[in-house]
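Chemist: Numbering (full-length UniProt numbering), first residue to last: 1 to 233.
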Ligand code: ADP
Ligand code: MG
């Protein structure tokens, strides 16, 4: 589903250049649930933003479901983003004056889907995340966990091939974090490919594979089963 080879990224600020990704290689197969771990500033969000086509690498190749992602004009990039990718963020990024239902339905509007189908699909996905009774509520009437579930429903409503989540539990307490991860696991079990950025080991261990990023390179890439087996010998 995802293939990256020798990916590089630098940020230029004035006359300085910060080399953040220094040759990243990794592949993600369809249906995987992967976490990208690393300390703050290690380049996790930079990598996820490139995978999410929100930013472009300066070097290397990125292929998404067989499509080389490079030098696309914004219109084509937007079409691929809608078709391939769903996003979840630490800060939920809900629109404060729109109901849960309208938040989930809005991206479908931009995809030209008719009103009745938008509402039906939004209700279907709110139901999937257990929020049917909250459909008509505004974000500030919802708990953090509920807001993140609205954001997950919104990301899924477009039926993306890959779900990308940047610190999805970063603003949640421990119990709520585990609930959100349970939901993410359930969505993965239905076959969706999911990548999660986190700096929390407990959260990473709720995925199936942990890719460790340090100083712009991958220093470790292991199946969680394998890590757990080593812990208990
Ligand atoms: P992480 O998500 O692992 O905390 P980031 O990918 O956000 O790390 O950032 C990696 C490094 O790149 C940090 O040193 C950060 O300050 C820098 N950085 C991130 N985004 C930008 C940007 N738009 N412009 C300049 N520097 C940036
Ligand atoms: Mg980050």
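The beta carbon of each residue, even a glycine, is placed where N, CA and C say it ideally should be.
(1) Using C-beta distances below 6 angstroms, list every residue in its chain close to residue 33, excluding the 5 sequence neighbours before and after it, in chain order.
(2) In the DSSP assignment, find the alpha helix (DSSP H) that holds residue 109 and state where it starts and stops.
(3) For residue 249 and residue 170, I'd like the C-alpha separation in whole angstroms.
(4) Under DSSP, the beta strand (DSSP E) around residue 165 begins and ends at which residues?
(5) List the endpoints of the continuous alpha helix (DSSP H) containing residue 16.
(6) Could you check the C-alpha separation between residue 166 and residue 48 for me, to the nearest Å?
(7) Listed in chain order, which residues are found with a beta carbon closer than 5 angstroms to a heavy atom of the ligand ADP?
(8) Enumerate, from N- to C-terminal direction, the unbroken alpha helix (DSSP H) stretches of 4 or more residues contained entirely within the region 179–209.
(9) When the Cα of residue 217 is compared with those of 12, 186, 20, 83, which residue comes out closest?
(10) Could you say if the region 53–66 and the region 3–10 meet the contact criterion of at least three C-beta pairs nearer than 8 angstroms?
Modeler: Answer, in terms of the structure:
(1) Hits under 6 angstroms: 188, 194, 207, 208.
(2) Its alpha helix (DSSP H) spans residues 100–110.
(3) A query on residue 249 cannot be resolved here, the shown segment of the chain reaching from 1 to 233 and no further.
(4) Here the beta strand (DSSP E) through residue 165 covers 162–166.
(5) Note, residue 16: premise wrong, no alpha helix (DSSP H); beta strand (DSSP E) at 16–28.
(6) A straight line joining the alpha-carbon of residue 166 with that of residue 48 spans about 7 angstroms.
(7) Proximity annotation: the ligand ADP has residues 11, 20, 40, 41, 42, 43, 44, 45, 46 in chain order, each selected because its CB is closer than 5 angstroms to a heavy atom of the ligand.
(8) You should have 201–204.
(9) Of 12, 186, 20, 83, the residue nearest in Cα terms is 20.
(10) The answer is yes - the region 3–10 touches the region 53–66, with three or more Cβ pairs under 8 angstroms.
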